[in-house]
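Number of protein chains: 2
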Amino acid sequence: MDNKIPIPTIKRYPSYLRRLQSYQQKGMVNVSATYIANDLQLNPIQVRKDISLTGIEGKPKIGFAVDDLIESLTNSLGWNNTNDAILIGVGNLGRALMGYEGFSQNGFRIVGAFDKNPDIIGTEVNGITVMPLEKLEAYVIENRINLAIMTVPAKQAQTVAELLVKCGVIGIWNFAPVHIQLPEGIVVERTDLSSHFASLSEKMRRVMVDKKPGFRKGWL
Amino acid sequence: MDNKIPIPTIKRYPSYLRRLQSYQQKGMVNVSATYIANDLQLNPIQVRKDISLTGIEGKPKIGFAVDDLIESLTNSLGWNNTNDAILIGVGNLGRALMGYEGFSQNGFRIVGAFDKNPDIIGTEVNGITVMPLEKLEAYVIENRINLAIMTVPAKQAQTVAELLVKCGVIGIWNFAPVHIQLPEGIVVERTDLSSHFASLSEKMRRVMVDKKPGFRKGWL
DNA sequence: TAGATTGTTAATCGATTAACAATC
DNA sequence: TAGATTGTTAATCGATTAACAATC
Chain A
32 MDNKIPIPTI KRYPSYLRRL QSYQQKGMVN VSATYIANDL QLNPIQVRKD ISLTGIEGKP
92 KIGFAVDDLI ESLTNSLGWN NTNDAILIGV GNLGRALMGY EGFSQNGFRI VGAFDKNPDI
152 IGTEVNGITV MPLEKLEAYV IENRINLAIM TVPAKQAQTV AELLVKCGVI GIWNFAPVHI
212 QLPEGIVVER TDLSSHFASL SEKMRRVMVD KKPGFRKGWL
Chain B
32 MDNKIPIPTI KRYPSYLRRL QSYQQKGMVN VSATYIANDL QLNPIQVRKD ISLTGIEGKP
92 KIGFAVDDLI ESLTNSLGWN NTNDAILIGV GNLGRALMGY EGFSQNGFRI VGAFDKNPDI
152 IGTEVNGITV MPLEKLEAYV IENRINLAIM TVPAKQAQTV AELLVKCGVI GIWNFAPVHI
212 QLPEGIVVER TDLSSHFASL SEKMRRVMVD KKPGFRKGWL
């Protein structure tokens, strides 16, 4: 029935969407896959294939209607309706995420925030009053939350995650630098800064070794 | 000569390192690839292959010396010596990154921070006094910085990036939700929250459709 | 019309996984 | 010794890229 769209493709969709929204603002009516590819420095064939997986139909020589393509991508991402999420751990990173306007366009919003620090509990961040961890369970159940963002210290991540699952959460976005073990059927997405940096520094090394022998060698 | 280690492998190394450090603290002397794989819920063959790419030699039945493996992974990641980086955009996210202790283990440290907001300039964050953007060029050149972290609003990202490259930066870690166009030879690593979330929500949808038909359907 | 672009099938590429001999 | 684990080559898998007919 519905062919699964590969995760790598799904991950590129948000970039396409952002470009398209900018085209829309500029008043562009149609756009080709090649055009988007140029903008994002991607392979045109890849963009074409990615787009075709949404099921939209284009017109040879003309491309795709910008409005339609936005709708098509939004649907494929499941971002056409909004879901509620909570956030645990209101440190700097937690605060940054709570203030990130982009999320509203990503089909979800943070509706509750929790922390265990008495100094933070009760304060208001982006219009949300931080609640104590003790209230987590009741809140998740009552509001039927199934998505949680964890910005807690590494040491507490496993415990908090288990609590979340016990309450019925099925998706956890983990920013703590630890691998969490949870029962099957629970989805954990980890945003691991060290992993990203590892990739960046390796690429920098390659550039320096391959393209500029000797240049700034040993600096990174 | 030196076989390039694939980026996916490089990205897994930090997780291995973290596990190994915890083994070290527990006093473990040797560890097998299988053991690490179990801990991280990865395929043992994959871990074994990843490790072998560092060039370390293990002993059948015994595994690898924890200390040696840590050293080996650290070297492969280039994290054995420290590099200086600067950060542009001292908002909540910038602050969070400046306070992230993990980076010191990742072979780099943030030595300078810049912003254009007069209210922020001059304030101290994690022992670093925020400087005005005007001082960026002189600072980068004088301190021979080649890595910059950008936590600026999307609209400013391209301009700031160009300025950075002009000053001699060759690696940019971009947290702004835009694609930046730069000359070849400059490495840009983008940490795109929307992309991560797209992946997470797609996986949640799959779990709900595949494994629990009807269960909480339509919620995400 | 001519030619740029779509849609789709086939070829390639690279990472993951399997297989298995060597060995402590 | 027996068997768990390494090291390495081969098979598989899935994503990317190429090719090309269809078409506006």
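Chains as they are written, first to last, in the working numbering: chain A, 32 to 251; chain B, 32 to 251.
We put the beta carbon where it would ideally sit given N, CA and C, even for glycine.
{"Asked": "Does the beta-carbon of A:Asn-106 have 16 or more other beta-carbons within 10 angstroms, so that it is buried, or is it exposed?", "Found": "exposed"}
{"Asked": "List, in order along the chain, the chain A residues whose C-beta lies closer than 7 Å to that of B:Arg-126?", "Found": "Asn-123"}
{"Asked": "Taking DSSP as the reference, what is the three-state secondary structure of B:Asp-146?", "Found": "strand"}
{"Asked": "Where does B:Pro-163 sit, in a helix, a strand or coil, going by DSSP?", "Found": "strand"}
{"Asked": "Could you tell me whether the Cβ of A:Thr-65 comes closer than 7 Å to any Cβ of chain B?", "Found": "no"}
{"Asked": "Suppose contacts are defined by Cβ-Cβ distances below 7 Å. Is A:Ile-176 in contact with A:Ile-217 by that definition?", "Found": "no"}
{"Asked": "Which runs of the alpha helix (DSSP H) at least 4 residues long sit entirely within the region 51 to 125 of chain B? Give them in chain order.", "Found": "64 to 71, 75 to 83 and 97 to 108"}
{"Asked": "Check this for me: beta carbons of A:Pro-208 and B:Gly-133, under 7 Å apart or not?", "Found": "yes"}
{"Asked": "DSSP on B:Phe-25, reduced to helix/strand/coil?", "Found": "The requested residue 25 of chain B does not occur in the structure, where chain B is confined to residues 32 to 251."}
{"Asked": "Under a CB-based cut-off of 7 Å, is A:Met-235 close to chain B?", "Found": "yes"}
{"Asked": "Applying a beta-carbon distance threshold of less than 9 Å, which residues of chain B neighbour A:Asn-74?", "Found": "Per Cβ cutoff of 9 Å: no residues; A:Asn-74 is ~14 Å from chain B at best."}
{"Asked": "With DSSP run on the structure shown, which of helix, strand or coil describes B:Arg-236?", "Found": "helix"}
{"Asked": "Is any beta-carbon of chain A found at less than 7 Å from that of B:Pro-45?", "Found": "yes"}
{"Asked": "Label A:Arg-221 either buried or exposed according to how many other C-beta atoms from any shown protein chain fall within 10 Å of its C-beta, with 16 as the threshold for buried.", "Found": "buried"}
{"Asked": "Below 8 Å on C-beta distance, what does A:Thr-222 contact in chain B?", "Found": "Thr-222, Leu-224 and His-227"}
{"Asked": "For A:Ser-83, which option in A:Asp-99, A:Thr-154 and A:Leu-71 has the closest C-alpha, if you only look at C-alpha atoms?", "Found": "A:Asp-99"}
{"Asked": "Roughly how many whole angstroms lie between the Cα atoms of A:Tyr-47 and A:Asn-137?", "Found": "13 Å"}
{"Asked": "So with CB distances below 7 Å, who are the chain A contacts of B:Ser-103?", "Found": "What B:Ser-103 touches in chain A: nothing, since even the nearest Cβ is about 14 Å away."}
{"Asked": "Under a CB-based cut-off of 7 Å, is B:Pro-37 close to chain A?", "Found": "no"}
{"Asked": "Buried or exposed: where does A:Ile-38 fall if 16 or more other Cβ atoms within 10 Å of its Cβ makes it buried?", "Found": "exposed"}
{"Asked": "Please classify B:Val-60: is it buried, with 16 or more other beta-carbons within 10 angstroms of its beta-carbon, or exposed?", "Found": "exposed"}
{"Asked": "Kindly indicate if chain B contains any beta-carbon less than 7 Å away from that of A:Asn-137.", "Found": "yes"}
{"Asked": "Where A:Ala-229 and A:Val-200 are concerned, what is the direct C-alpha to C-alpha distance, given to the nearest angstrom?", "Found": "31 Å"}
{"Asked": "Within the 7 Å Cβ cut-off, does A:Leu-108 reach chain B?", "Found": "yes"}
{"Asked": "Return no unless some Cβ of chain B is closer than 7 Å to the Cβ of A:Val-161.", "Found": "no"}
{"Asked": "Please say whether B:Ile-180 and B:Cys-198 have beta carbons closer to each other than 7 Å?", "Found": "no"}
{"Asked": "Which residues does DSSP pair with A:Val-156 in a beta bridge?", "Found": "A:Ile-159"}
{"Asked": "In whole angstroms, give me the CA-to-CA distance for B:Arg-50 and A:Thr-190.", "Found": "18 Å"}
{"Asked": "Is the separation between the beta-carbon of B:Ile-203 and that of B:Ala-188 shorter than 7 Å?", "Found": "no"}
{"Asked": "I'd like the span of the alpha helix (DSSP H) that includes B:Ala-185, first residue to last.", "Found": "185 to 198"}
{"Asked": "Under 7 Å between C-beta atoms, does B:His-208 make it to chain A?", "Found": "For the record, residue 208 of chain B in the displayed sequence is Pro; it is not His. Yes, its Cβ sits closer than 7 Å to a Cβ of chain A."}
{"Asked": "Which residue comes first and which comes last in the beta strand (DSSP E) that contains B:Lys-178?", "Found": "What sits at residue 178 of chain B in the sequence shown is Leu, not Lys. Element bounds for B:Leu-178: 178 to 181."}
{"Asked": "How would you list, in chain order, the residues of chain B whose beta-carbon sits under 8 Å from the beta-carbon of A:Gln-212?", "Found": "Gln-72"}
{"Asked": "Could you tell me the distance, in whole angstroms, from the CA atom of B:Ile-87 to the CA atom of B:Thr-113?", "Found": "23 Å"}
{"Asked": "B:Val-218 versus chain A: which residues are under 8 Å apart at the beta carbon?", "Found": "Leu-231, Lys-234, Met-235 and Val-238"}
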